[in-house]
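Okay, structure first, notes after.
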Amino acid sequence: NAGVMQNPRHLVRRRGQEARLRCSPMKGHSHVYWYRQLPEEGLKFMVYLQKENIIDESGMPKERFSAEFPKEGPSILRIQQVVRGDSAAYFCASSPDGNTEAFFGQGTRLTVV
Amino acid sequence: KQEVTQIPAALSVPEGENLVLNCSFTDSAIYNLQWFRQDPGKGLTSLLLIQSSQREQTSGRLNASLDKSSGRSTLYIAASQPGDSATYLCAVSGSARQLTFGSGTQLTVLP
Chain A
1 NAGVMQNPRH
11 LVRRRGQEAR
21 LRCSPMKGHS
31 HVYWYRQLPE
41 EGLKFMVYLQ
51 KENIIDESGM
61 PKERFSAEFP
71 KEGPSILRIQ
81 QVVRGDSAAY
91 FCASSPDGNT
101 EAFFGQGTRL
111 TVV
Chain B
1 KQEVTQIPAA
11 LSVPEGENLV
21 LNCSFTDSAI
31 YNLQWFRQDP
41 GKGLTSLLLI
51 QSSQREQTSG
61 RLNASLDKSS
71 GRSTLYIAAS
81 QPGDSATYLC
91 AVSGSARQLT
101 FGSGTQLTVL
111 P
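Residue numbers (the working numbering), protein chains in the order written: chain A, 1 to 113; chain B, 1 to 111.
Here you go:
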């Protein structure tokens, strides 16, 4: 049973481009969480999704950021028109039911140049 | 709003010492508490999960305790080794199931 898979591991984008970060949860897990770790800061919750539903997006910036978890395929975190301040490590976690332990992926490190 | 604080922010100890990392949280209405390890440039590895009804969990040289009423948890590492050097993160889960993280304790174990 592979762990939580995130890709790409590293992503470089120029200001104004779009970034798409992918997260494949562990097999049998239907709950996905995204967290962001800014340089020299702690991890902050962004969004909580179940298959085809956004459960809690209270940590998502109001503009340029969106997330989805379709019925088939990975969860996607999309950042439009990236700015330098979006440079961070983005982590995905999954759990089977939202009540038990969440397992984290290795993260995607986004650098905006 | 839940806030999680970890003390100390950094700790350096000689190999073989036993040590304690501290975590406190402001809202005692938690669902569970997790301790993670993060190595530089890497992801998070879950070390121990304590449900709100539990008082402690043990795994090998690690022991985590939880005092929900006082909003405190400790991670005890016995007989520390250089390979234990990493950042240790405490996180609590509330009714919304999202994790609120502390800023971490950066541990260095000197050979």
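By construction, the Cβ of each residue, glycine as well, lies at the ideal position given by its N, Cα and C atoms. Please read all numbers here as calculations on a predicted model, not as lab measurements.
Can a CB atom of chain B be found closer than 8 Å to the CB of residue i?
i: PHE45 of chain A; result: yes
Can you check whether the C-beta of residue i is within less than 8 Å of a C-beta belonging to chain A?
i: ALA96 of chain B; result: yes
i: GLY71 of chain B; result: no
i: GLN54 of chain B; result: no
i: GLN112 of chain B; result: This structure cannot settle anything about residue 112 of chain B, because the visible part of chain B is limited to 1 through 111.
What residues from chain B crowd round residue i, counting only those whose CB sits closer than 8 Å?
i: GLY42 of chain A; result: LEU89, PHE101, GLY102, SER103 and GLY104
Can you name the start and end residues of the beta strand (DSSP E) that residue i belongs to?
i: VAL12 of chain A; result: 10-13
i: PHE56 of chain A; result: For the record, residue 56 of chain A in the displayed sequence is Asp; it is not Phe. Element bounds for ASP56 of chain A: 53-56.
i: ASN99 of chain A; result: Where ASN99 of chain A is concerned, there is no enclosing beta strand (DSSP E), given that its DSSP letter is neither H nor E.
i: ASP67 of chain B; result: 62-67
i: GLU56 of chain B; result: 56-59
i: ASN22 of chain B; result: 19-25
i: LEU49 of chain B; result: 44-51
i: ILE7 of chain B; result: 4-7
i: LYS1 of chain B; result: Note, LYS1 of chain B: premise wrong, no beta strand (DSSP E); not H, not E.
i: ILE30 of chain B; result: Per DSSP, ILE30 of chain B belongs to no beta strand (DSSP E) and is neither H nor E.
i: LYS184 of chain A; result: Outside the displayed span of chain A (1 to 113) sits residue 184 of chain A, for which this structure offers no information.
i: GLN6 of chain A; result: 5-7
i: VAL32 of chain A; result: 31-37
i: ALA10 of chain B; result: 10-14
i: VAL112 of chain A; result: 108-112
i: ALA19 of chain A; result: 19-24
Comparing the C-beta of residue i with each C-beta of chain E, is any distance below 8 Å?
i: LEU47 of chain B; result: The structure shown contains no chain E; its protein chains are A and B.
Show which residues of chain A have a CB atom less than 7 Å away from the CB atom of residue i.
i: GLY43 of chain B; result: PHE91, PHE104, GLY105, GLN106 and GLY107
Practice prompt. May I ask you to list, following chain order, the residues of the region 84-109 of chain A that have a beta carbon less than 9 Å from some beta carbon of chain B?
Written response: Along the region 84-109 of chain A, going in chain order, the ones with a CB nearer than 9 Å to a CB of chain B are ALA89, PHE91, ALA93, SER95, GLY98, ASN99, THR100, GLU101, ALA102, PHE103, PHE104, GLY105, GLN106, GLY107 and ARG109.
Worksheet entry | Those runs of the alpha helix (DSSP H) which lie wholly inside the region 68-104 of chain B and span at least 4 residues | Counting only runs that start and end inside the region 68-104 of chain B, there is no alpha helix (DSSP H) element of at least 4 residues.
Practice prompt. Return the chain-ordered ranges of every beta strand (DSSP E) run that is complete within the region 51-92 of chain A and spans a minimum of 3 residues.
Written response: Correct list: 53-56, 65-68 and 75-79.
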